[in-house]
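All remarks here apply to the structure that follows.
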Amino acid sequence: MSAFEGTSNPQRAVERGFYVNLPNNPVGVITGKIALRPSSVHLLFGGIGSGKTTQLLLTQQALNELEDIKAIYVDVSLVTDISDLQSGALIVIAGLELITILGDIEESKLKSSKKIIENAAYGYSETKTLPSLNESLNASSLAILQAISSSPRKIVTNHKGLLSTEKQENKDLVLQAFSNLCKAVQEKLGREIIFLFDGLDRLSDSQIFIDSALNDIVEIKNAGIGSVLVGSVVTIYKKRENITSFDSSSYYLSYLDVFESVEVQDFFADVIKVRDVENLINPDVRQFLTFKSGGVLRDLMSLSQASIEEAYMDGSDKITEKHANQAALSLARSKIIGLTESNVNILRQVLTGENFFPRTSEDFELLLTGHILEYRHPRQRFVVHPILAPIIENMVASVANG
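So the sequence shown is residues 23 to 424, counted in our numbering.
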């Protein structure tokens, strides 16, 4: 069953031989461009569950096979609160990775750089000693307050780090420290450094992505370091001008159209087959799971795992359509929770064939959560997630019947 864990580390799937080559995957293009220009920047956009993490890990693997490149993968969402990502956070996160590579540091300049990065990341306390009250009062006041204190006073100021919720000053010091560490790692390894930043596709505020993440990527590039950065499907729509004007290569990993592409249907069948070594899922059920997933890889894994659980609870050693239907109903219920009446109205419009193009915050939210899926091949179109379609159809029918 673990072979179908939709939220497990994709690295394990690759290591266990479960990876099936994604149609139109960008790994080869990104790897080739970085090999030519190691300090280049690459932005990978797409919906949650579209396979971006796997593509990042495969890119890391491909880059590390080159003699002159060291690729470092970091899931930013595991290190800090991405909903309140601070400017400079990616720089100090990258700096911490460099410190780990360097290990024990003896040189005083690098020790200072290490301390600056760690202070910027985690915060620090600063103690200042002020003159005693006796020294700061005039003669007339001194006679009255002399008994209060004759000792120096200490004030402790706590400075929050960039991995908390407060902003950090002295950015120039942080940038210089980061540059020092970059040079030291490059000298130690004899390789160019590339960072692959994952987890930012969950960032719903596109302005934070521009102001914090992309600004940090510029500074990292200025230090001679290349980056690959994932971003939300919302950002590519709301901040298109910012993205196109940014000195980078952009890629969009859309969901796979399981309804209009035979190649995609075969791909999803292979994804199930390579994990289903005991042949528990027959071809008809595989097709059902493929269509119900809507071309979302993570949902395919979740549906397959849930179907296996239903079969186990039923005492069956085979996964039938009944088990798959129960799994689909369970996932549909989880997706319908929290939808507002306005959300449902938008889903109705998409389902009934009305022209849809994301414009409002609610439109983008439904795209971000995967309630509405965008396909780009063989043609661009928007659909309600197939797992939700029957529920929304029933709502439409109920309204029509009055």
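Ideal placement from N, C-alpha and C gives every residue a C-beta, glycine not left out. Computed from a predicted structure; not experimentally measured.
So Leu112 packs on Ile139, CB below 8 angstroms; how close in whole Å? 12 angstroms between Cβ atoms; not a contact.
Count the other CB atoms, across all protein chains shown, that sit within 10 Å of the CB of Thr374; report buried if there are 16 or more and exposed otherwise. exposed
Paired residues, beta bridge with Glu129 - DSSP: According to DSSP, which records beta bridges pairwise, Glu129 is partnered with nothing at all.
As an exercise, report each continuous beta strand (DSSP E) stretch of at least 3 residues that is fully enclosed by the region 241-306, in chain order. 248-253 and 271-275
How big is the Cα-Cα spacing for Leu88 and Gly50? 13 angstroms
To the nearest angstrom, report how far apart Thr187 and Gly145 are at their CA atoms. Because Thr187 carries a pLDDT of 46, less than 50, the predicted location of this residue cannot be relied on, and no value is offered for it.
Beta carbon of Leu278, beta carbon of Leu203: below 8 angstroms? no
Is Leu65 helix, strand or coil by DSSP? strand
Using the Cα positions of Glu129 and Val240, report the straight-line distance between them to the nearest angstrom. 28 angstroms
Under the rule that 16 or more other beta-carbon atoms within 10 Å means buried, what is Gln108, buried or exposed? buried
Expected contact under 8 angstroms - CB spacing of Leu85 and Gln77 to nearest Å: Rounded, the Cβ-Cβ distance is 12 angstroms, inconsistent with contact.
Just the Cα atoms here: how many angstroms apart are Leu222 and Gln208? 26 angstroms
Taking buried to mean at least 16 other C-beta atoms within 10 Å of its own C-beta, is Val318 buried or exposed? buried
Looking at the strands, I want to know which residues DSSP matches up with Ile394. Val406
Is it buried or exposed, Asp321, if we count other Cβ atoms within 10 angstroms and call 16 or more buried? buried
For Leu100, is the classification buried or exposed, using 16 other Cβ atoms within 10 angstroms of its Cβ as the cut-off for buried? exposed
Who does Glu214 pair with in a DSSP beta bridge? Ile91
How would you label Arg308, buried or exposed, when you count the other beta carbons within 10 angstroms and need 16 or more for buried? buried
Using the beta-carbon count (16 or more within 10 Å), is Ser54 buried or exposed? What sits at residue 54 in the sequence shown is Gly, not Ser. Exposed, since its Cβ has fewer than 16 Cβ neighbours within 10 Å.
May I ask you to verify whether the region 254-270 touches the region 226-241, counting CB pairs closer than 8 angstroms and requiring at least 3? yes
Cut-off 7 angstroms between Cβ atoms - residues of its own chain near Ser270, not counting five sequence neighbours on either side: Val63, His64 and Leu65
Indicate whether the contact test is met: 3 or more Cβ pairs, each with one atom in the region 282-294 and one in the region 383-396, closer than 8 angstroms. no
For Tyr334, report the span of its alpha helix (DSSP H) as first-last. Leu319 to Met335
Return yes when the Cβ of Ile216 is within less than 8 angstroms of the Cβ of Gly248, no when it is not. yes
So the candidates are Val372, Leu390 and Ala411; which of them puts its Cα closest to the Cα of Arg403? Val372
Report back the beta-carbon spacing between Ala346 and Leu311 to the nearest angstrom; my notes put them in contact at under 8 angstroms. 6 angstroms
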